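Reading through the structure tokens given below for one structure.
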Amino acid sequence: MIKKTTCAFVAGAVMALTGQAALADGHGEITVGYFLEWPMPMMAAKASGAYDEALGMKVNWVSFETGTAMSAAMASGDVQMSVSQGVPPFVVAASGGQDIQVVDVAVSYSDNDNCVVSAGLEIDKDSAGELAGKKVAVPLGTAAHYGFLRQMDHFGVDVASLQVVDMAPPEGAAALSQGAVDFACGYGGGLARMKEYGNVLLTGDEKEALGILVFDVTSAPASFVAENGDVVAKFLKVTADANTEWNSNPSDEMLAVIAEQAGMDLDAAKAAISTMKFPSVEDQLSETWLGGNAATFMKGVADVFVEAGSIDSALDSYEDAVNIGPLSAAGGS
């Protein structure tokens, strides 16, 4: 999806109070951004009206094509919360001075972003040191770039010894198929094609254990969270309940509703959601996610963006860009 790759941000976007003021004045509604063709359990709750009921107000839903557009809409006050914003556009917005916060982990999809080694080399995680001196295709300035650096560091491969070529995932897949590169890193459809010609070094679970994450967040302006923490907590509770229902019983009936809400046919929705994981509130609050590692991960991504010239500078820390208060309240802790 486009939202995974976009790093540009509308410069100079200034926080406005339109949406917050409307809520404070008792108009009784908020606007939430989301993505079509990105099936999630929360869509079943959206369809049932569970959010409106729990919040005691009307929730207006507006679809976006990029996480960058979500950032701009939250900066203007047109949108109060965004569901499943990608980490790269969130990091770009926060690094650019937008007062924005992560309030939960919307979805994890660590197996959807990886590096693939040509089958002909017969290199796996136990012999990854043999990658030294090889040629690799990497989409520079993306979360995949950061994941590549972390994997090479884990395997003790000096990046300076590699010939790194900047390629978008589809081009990287083509180069791998033609033998023009020894391994390639990417995500989405490009990664799927790469896997036809080689093997991954680490599974998604193995990467997560090392702190190499691939996830989307629910985000909101910090001022909105500060002034409406109870609203945010209620919203996150509905999302968590939908995730729990899906994780425990991914029924065909629920999938049908999710697919309809996502604007997808049933088979496409089933294929897409099968690659996703929806962490419990307890897991999200752990050190692996929002309890510590998420902020560290965002700092790493930001530093890669600076190096690649995608953004001018990174924050010293992204800890203030993560607010676990509402999620803790939603989980009853």
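Numbering (this note's numbering), first residue to last: 1259 to 1591. In this text, a Cβ means the ideal position worked out from N, Cα and C, and glycines have one as well. Predicted model only: the values in this text are computed from it and were never measured.
Secondary structure at V1417, three-state DSSP: helix, strand or coil? The answer is helix: DSSP assigns V1417 an H, G or I state.
Between D1488 and P1584, what straight-line distance do the alpha-carbon atoms span, to the nearest angstrom? Between the alpha carbons of D1488 and P1584 lies a gap of roughly 7 Å.
Starting from Q1542, trace the alpha helix (DSSP H) both ways and give me its first and last residue. Counting along the chain, the alpha helix (DSSP H) containing Q1542 begins and ends at V1539 to Q1542.
Counting along the chain, where does the beta strand (DSSP E) carrying V1580 start and finish? Element bounds for V1580: n/a, residue is neither H nor E.
Three-state secondary structure (DSSP) of Q1519: Q1519 falls in the helix class under three-state DSSP.
Span of the beta strand (DSSP E) holding D1362? I1358 to S1366 is the span of the beta strand (DSSP E), which, as asked, contains D1362.
Could you please give me the residues that DSSP links to A1395 through a beta bridge? Answer by DSSP bridge pairing, in chain order: V1423 and A1442.
Check the DSSP bridge columns for S1435 and list the partner residues they point to. Note: S1435 sits in no beta bridge, so no partner.
I'd like to know if the region 1525–1545 and the region 1297–1304 are in contact, where contact means that at least 3 CB-CB pairs between them fall below 8 Å. The region 1297–1304 and the region 1525–1545 touch, with three or more beta-carbon pairs separated by less than 8 Å.
With a threshold of 8 Å on Cβ separation, who are the neighbours of N1551 within its own chain once the five nearest residues in sequence on each side are excluded? Excluding residues within five positions, the ones whose Cβ falls inside 8 Å are G1469, L1471 and E1545.
Less than 8 Å separating the beta-carbons of A1395 and M1425? Cβ distance < 8 Å, so A1395 and M1425 count as in contact.
Collapsed DSSP secondary structure at P1508 in the structure displayed: Residue state, collapsed to three classes: coil.
So what does Y1309 bridge to, in DSSP terms? According to DSSP, which records beta bridges pairwise, Y1309 is partnered with nothing at all.
Is it true that the region 1382–1395 meets the region 1493–1504, where meeting means three or more beta-carbon pairs spaced less than 8 Å apart? No, because fewer than three Cβ pairs between the region 1382–1395 and the region 1493–1504 fall closer than 8 Å, the two stretches do not touch.
Pick helix, strand or coil for N1318, following the three-state DSSP scheme. In this structure, N1318 counts as strand in the three-state DSSP scheme.
Kindly indicate which three-state DSSP category M1301 falls into: helix, strand or coil? Shown here, M1301 sits in a helix according to DSSP, grouped into three states.
When the Cα atoms are used, what is the spatial distance from G1414 to V1365? Answer to the nearest angstrom: the Cα atoms are 30 Å apart.
Report the three-state DSSP secondary structure of A1282 (helix, strand or coil). In this predicted model, A1282 has a pLDDT of only 40, less than 50, meaning its place in the structure is not dependable; the value taken from the coordinates is given anyway. Per DSSP, reduced to three states, the secondary structure at A1282 is helical.
D1474 burial status per 10 Å Cβ neighbour count (16 or more: buried): The residue is buried, with at least 16 neighbouring Cβ atoms inside 10 Å.
For Q1343, does the three-state DSSP call read helix, strand or coil? Taken through DSSP and simplified to helix, strand or coil, Q1343 comes out as strand.
The alpha helix (DSSP H) enclosing V1559, as first and last residue numbers: From DSSP, the alpha helix (DSSP H) with V1559 extends over N1551 to A1566.
Residue range of the unbroken beta strand (DSSP E) whose run includes G1378: Taken as a continuous stretch (DSSP letters only), G1378 belongs to no beta strand (DSSP E), as it is neither H nor E.
Mapping DSSP to helix, strand and coil, what is N1486? Here N1486 sits in coil by DSSP.
Assign A1467 to one of two classes, buried (16 or more other C-beta atoms within 10 Å of its C-beta) or exposed (fewer than that). By the neighbour-count criterion, in which a residue is buried when 16 or more other Cβ atoms sit within 10 angstroms of its Cβ, A1467 is exposed.
Looking at the structure shown, is E1287 part of a helix, part of a strand, or coil, going by DSSP? Strand.
Contact check, V1363 vs V1559, beta carbons under 8 Å: No Cβ-Cβ contact shorter than 8 Å links V1363 with V1559.
Kindly indicate which residue of M1332, G1291 and F1348 has the alpha-carbon position closest to the one of A1553. Looking only at M1332, G1291 and F1348, the smallest Cα-Cα distance to A1553 is reached by F1348.
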